[in-house]
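Residues in the sequence shown are numbered consecutively from 3, following our numbering.
From the three backbone atoms N, C-alpha and C, an ideal C-beta is built for every residue, glycine too.
Computed from a predicted structure; not experimentally measured.
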Amino acid sequence: MSENIYKPDLMEILEITQHTADVKSVRIRFIDEQQQKNVSFNVGQFGMFSVFGCGESVFNICSSSNWKNYLEFCFRKTGRLTEAMWETAVGDTIGFRGPYGNSYPMASWEGKDLVFVAGGIAMPPIRCAIWYALENREKYGKITIVYGARTVGDLVFRDDLSKWQEYPNVDVLQTVDPGGETPQWTGKIGFVPNVLKEARFNAQNAAALVVGPPVMIKFSLPVLAEAGLADENIYTSLENRMKCGIGKCGRCNCGPVYVCKEGPVFTLKALKSLPEDY
Ligand SMILES: Cc1cc2nc3c(=O)[nH]c(=O)nc-3n(C[C@H](O)[C@H](O)[C@H](O)COP(=O)(O)OP(=O)(O)OC[C@H]3O[C@@H](n4cnc5c(N)ncnc54)[C@H](O)[C@@H]3O)c2cc1C
Ligand code: FES
């Protein structure tokens, strides 16, 4: 009998971190030691994570592919699956299918300045690439990270943000929307696209990864274009609704393109060739 491609692997929850009122990240490990030993993925890929009896949902793997002891994902509580995931505890078993999708082209970014632009809960899909680049620091040029959220309380992975700014030739520009600051806030106040205008990088030899709410992406793209970045050097990761994650159900497609198979990572140049409604 052929193997059931929808059957999840069993993972044990090792650690849970609550970042905001509705966002948690979770570290998991295959229960089967051999599977854990053989685990292999590329930054930018996603998985289908399940709570038994409640269903499954898509999340990016937000840990670096260099970390061999666990996988990590981060989710916002929005509905049926994420509410069930919120109630899980260390030691519980959850399901995982994956890794799926394409990945960030970390090899072709070597030698370039990197610009990471994230808004709100979109930090996790970018975090894996930031760690990967920092763990291979000598391969990349200047790294600029622009991260914004509505309020200080909505910023996630704040410990990572502090660590990243300790690395050489790394600029971390954190910002919150006007009114979202606290008296202790030392970062910037303003919307991500405006703060992005302050970023200094060599646009002739740079790649940018932009993930966040559509409005943030919409107003960030012209800033990058004005700085001189070509469409083929601007990347994003799409979050189209998905069901199977493996090109079978047709739920995620944009015209002829299955986002779960050919994406979720696309250049702006590729996106411009897709039907309008992506
Ligand atoms: C490739 C990919 C990567 C993703 N990575 C992450 C991640 O790292 N962290 C994270 O929190 N979420 C991520 N998402 C979104 C996540 O899959 C949905 O929020 C999730 O399905 C919610 O599951 P649920 O059962 O709790 O919500 P549901 O009960 O299914 O839905 C709750 C609400 O969210 C809406 N919704 C569901 N799916 C989506 C979607 N894809 N886009 C917009 N709205 C949606 C529904 O319409 C509904 O209003 C990703 C999605 C994709 C496709
Ligand atoms: S999610 Fe089923 S085809 Fe892409």
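In or out: residue i buried (at least 16 other Cβ within 10 Å) or exposed?
i, result
"V92", "exposed"
"T238", "buried"
"E58", "buried"
"Y8", "exposed"
"T95", "exposed"
"C251", "exposed"
"D34", "exposed"
"S275", "exposed"
"V45", "buried"
"P258", "exposed"
"N68", "exposed"
"G265", "buried"
"Q36", "exposed"
"R82", "exposed"
"A23", "exposed"
"N6", "exposed"
"P180", "exposed"
"P283", "Examination of residue 283 is not possible in this model, given that the chain is present from 3 through 280 alone."
Looking only at its own chain, which residues have a Cβ that is under 8 Å from the Cβ of residue i, when we skip the five neighbours before and after it?
i, result
"Q20", "K26"
"E74", "S27, V28, R29, I30, I63, C64 and S65"
"V197", "V148, G150, L175, T177 and K190"
Excluding the five sequence neighbours on either side, which residues of its own chain have a C-beta within less than 6 Å of the C-beta of residue i, listed in chain order?
i, result
"G150", "G121, T177 and V194"
"Q38", "R31 and F32"
"A86", "V53 and C56"
"V158", "H21, V25 and M125"
"G192", "T177"
"G97", "P10 and S52"
"I219", "V212"
"E313", "Residue 313 lies beyond the residue range present for the chain, which begins at 3 and ends at 280; the question has no answer from this structure."
"P277", "C256 and G257"
"K144", "D115, N171 and F203"
Using a C-beta cutoff of 8 Å, does residue i count as contacting chain D?
i, result
"V213", "Judged by its chain identifiers, the structure shown contains no chain D, having just a single protein chain."
Based on Cα-Cα distance, which residue from the options lies nearest to residue i?
i, options, result
"L240", "V45, F268, S105 and R202", "F268"
"D115", "E140, E5, T184 and A272", "E140"
"A229", "V53, K199, W88 and L175", "K199"
"E89", "R152, K79 and G97", "K79"
"V225", "T184, P185, V119 and D173", "V119"
"D71", "I248, F43, D161 and I132", "Note that residue 71 corresponds to Asn in the displayed sequence, not to Asp. Nearest C-alpha to N71: F43."
"R243", "R253, E234 and N235", "R253"
"I18", "V41, F77 and P216", "F77"
So, under 8 Å CB-CB, residue i and residue j are touching, yes? Tell me the CB distance rounded to an integer number of Å.
i, j, result
"A210", "V117", "4 Å"
"L223", "L270", "7 Å"
"A201", "D173", "7 Å"
Excluding the 5 residues preceding and the 5 following residue i in the sequence, name in chain order all residues of the same chain whose CB lies nearer than 7 Å to its CB.
i, result
"L231", "A205, A208 and A210"
"V154", "V178, G182, E183, T184 and W187"
"Y102", "Q47, F48, G49, G247, I248 and C262"
"I132", "F118, I147 and W166"
"S105", "N44, V45, G46, Q47 and V267"
> Does the count of Cβ pairs from the region 162 to 169 and the region 132 to 143 closer than 8 Å reach three?
Replying inline: Yes: the two stretches touch, three or more of their Cβ pairs being nearer than 8 Å.
>> Assess contact between the region 6 to 18 and the region 27 to 47, defined as three or more Cβ pairs (one per stretch) separated by less than 8 Å. Is contact present?
In response: Contact between the region 6 to 18 and the region 27 to 47 is present, because at least three Cβ pairs lie under 8 Å.
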